[in-house]
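Residue numbers (the numbering used here), protein chains in the order written: chain A, 1 to 114; chain B, 1001 to 1113.
Positions of the beta carbon are idealized from the N, C-alpha and C atoms, including for glycine.
Bear in mind that the values here come from a model prediction, so they are computed numbers and not experimental data.
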Amino acid sequence: NAGVMQNPRHLVRRRGQEARLRCSPMKGHSHVYWYRQLPEEGLKFMVYLQKENIIDESGMPKERFSAEFPKEGPSILRIQQVVRGDSAAYFCASSPQAGYNEQFFGPGTRLTVL
Amino acid sequence: DQQVKQNSPSLSVQEGRISILNCDYTNSMFDYFLWYKKYPAEGPTFLISISSIKDKNEDGRFTVFLNKSAKHLSLHIVPSQPGDSAVYFCAASKAGANSKLTFGKGITLSVRP
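1. Here's the rule I'm using: 16 or more other beta-carbon atoms within 10 Å means buried, otherwise exposed. How should Q1081(B) be labelled?
2. Drop a sphere of 10 angstroms on the beta-carbon of I1053(B), count the other beta-carbons inside from all chains shown, and report buried for 16 or more, exposed for fewer.
3. Would you mind stating whether Y1032(B) and A1092(B) have Cβ atoms separated by less than 8 Å?
4. Taking only beta-carbon positions, decide if F1062(B) is within less than 8 Å of chain A.
5. In its own chain, which residues sit with a C-beta less than 8 Å from the C-beta of L11(A), not counting the 5 before and 5 after it?
6. Take the Cβ of P1044(B) as the centre, count every other Cβ of all protein chains shown within 10 Å, and call the residue buried at 16 or more, exposed below.
7. What are the start and end residues of each continuous alpha helix (DSSP H) run of 4 or more residues lying completely inside the segment 1011 to 1065 of chain B, in chain order?
8. Beta-carbon within less than 6 Å of S1012(B)'s beta-carbon, same chain only, minus the 5 sequence neighbours each way: which residues are those?
9. What residues of chain B sit near A98(A), judged by a beta carbon separation below 7 Å?
10. Do you know how far the Cα of E1058(B) is from the Cα of K1100(B)?
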């Protein structure tokens, strides 16, 4: 019974490069949430997706960040032209249906921008 | 604009005693509250939750209390064990199809043997 999977676990990028973070939800879950945790902070909501749809992207920075959850395959969080301030832990969570309050988190991807 | 506040960054208790972790919120639209536990380099793990229609929920050694009028909740761990040492996050969500969570900054609990 695999949980939420994220890869890579660690990602190092130089300023200006692109970062792609992947999330495979739990089996049977079709709702994915992305959160970012900056050092010494709590997790901050970024985006909520269902299969092929972005439901809420109110927490996403307006530029350089995008997310998708295609019909087949994992959800992808993409950061273009990374800057040092993007260094953080990015967590993905999944739930089985809309309005289901408990979310199940993956281990996170730790992004370091040099 | 911190809508969920965990004002104490850390707590240290003796093994076997009670741990009380506090959380306050400002948004009266929140109607569901959760506690997550997090170890270093891992993702948060769901611990216990409570709906706004209740004032208490218990699961083994863990009990969550909700005081809606004070916009305050607390997590009680009795008895505390060294394995409980972790960061505990309080989170809240609103009613409806979008269950995005608003987190506090977390409390680091240390349980001394």
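Quick answer:
1. Counting Cβ neighbours within 10 Å, Q1081(B) comes out exposed, since fewer than 16 surround it.
2. Label assigned to I1053(B): exposed.
3. Yes.
4. Not an interface residue.
5. Contacts found: A19, L21, T109, R110, L111, T112.
6. Counting Cβ neighbours within 10 Å, P1044(B) comes out buried, since at least 16 surround it.
7. Along the length of the segment 1011 to 1065 of chain B, whole alpha helix (DSSP H) runs at least 4 residues long do not occur.
8. Hits under 6 Å: S1110.
9. The answer, in chain order, is A1097.
10. Cα to Cα, the separation comes out at about 24 Å.
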